[in-house]
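In the working numbering, the protein residues as written are 12 to 154.
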């Protein structure tokens, strides 16, 4: 069980880095440089998935520490790495951070100590985050 959990954590981290590093195909990046600046920026097609992933990272940041995982700021650092690689507009950055904070606060309000339900929620978010982080580059990443 511990090995599987560790594998999921390592997988999630690896996939998060891959997601953040290559979301736009090279041809889209070239077209973006040639296009004149637009007054309104549309959210990327993967926006909802990224927002959900940010919320999951916030939840993991609280729940994993609550349940005794000695990971320090790992999940906050993952969020920061995602933001750095994503290079979002200030508005989008604020939205992603708000979702991270929402995930953190929603569990802080409910759980003051690690319960079986809190541990299960953390495990569920590890699985869901790993799945999402794999789907995003699969659908929207470089081919």
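Cβ coordinates follow ideal geometry from the N, Cα and C atoms, glycine included.
6 Å Cβ shell around residue i - same chain, five flanking residues per side excluded
| i | result |
| --- | --- |
| residue 150 | none |
| residue 70 | 114, 118, 136 |
| residue 60 | 143, 147 |
For residue i, the first and last residue of its enclosing alpha helix (DSSP H)
| i | result |
| --- | --- |
| residue 65 | 58 to 77 |
| residue 123 | That residue, residue 123, is in no alpha helix (DSSP H); it is neither H nor E in DSSP. |
| residue 101 | 101 to 119 |
| residue 80 | Unbroken run through residue 80: none, as it is neither H nor E. |
| residue 98 | Neither: residue 98 is in no alpha helix (DSSP H) and is coded neither H nor E. |
Identity of the residue in the options nearest residue i by Cα
| i | options | result |
| --- | --- | --- |
| residue 137 | 72, 55, 57, 98 | 72 |
| residue 86 | 74, 132, 131 | 74 |
| residue 78 | 98, 145, 132 | 132 |
| residue 76 | 134, 148, 146, 147 | 134 |
| residue 65 | 82, 89, 80 | 89 |
| residue 97 | 55, 145, 146 | 55 |
| residue 125 | 80, 69, 59, 60 | 80 |
Cβ neighbours of residue i in the same chain (closer than 8 Å, five flanking residues each side left out)
| i | result |
| --- | --- |
| residue 62 | 106, 107, 110 |
| residue 67 | 114, 136, 139, 140, 143 |
| residue 57 | 34, 147, 150, 151 |
| residue 38 | Caution applies to residue 38, whose pLDDT of 36 falls short of 50 and renders its modelled position unreliable; the model cannot decide the point. |
| residue 127 | none |
| residue 112 | 69 |
Residues near residue i by beta carbon distance below 7 Å, same chain, minus five either side
| i | result |
| --- | --- |
| residue 104 | 94 |
| residue 50 | Reliability of the predicted coordinates at residue 50 is poor, the pLDDT of 45 falling under 50, and the value obtained from them is presented with this limitation in mind. None. |
Residue-chain proximity (residue i, chain B), Cβ-Cβ < 8 Å
| i | result |
| --- | --- |
| residue 143 | In the displayed structure, chain B is absent; only one protein chain is listed. |
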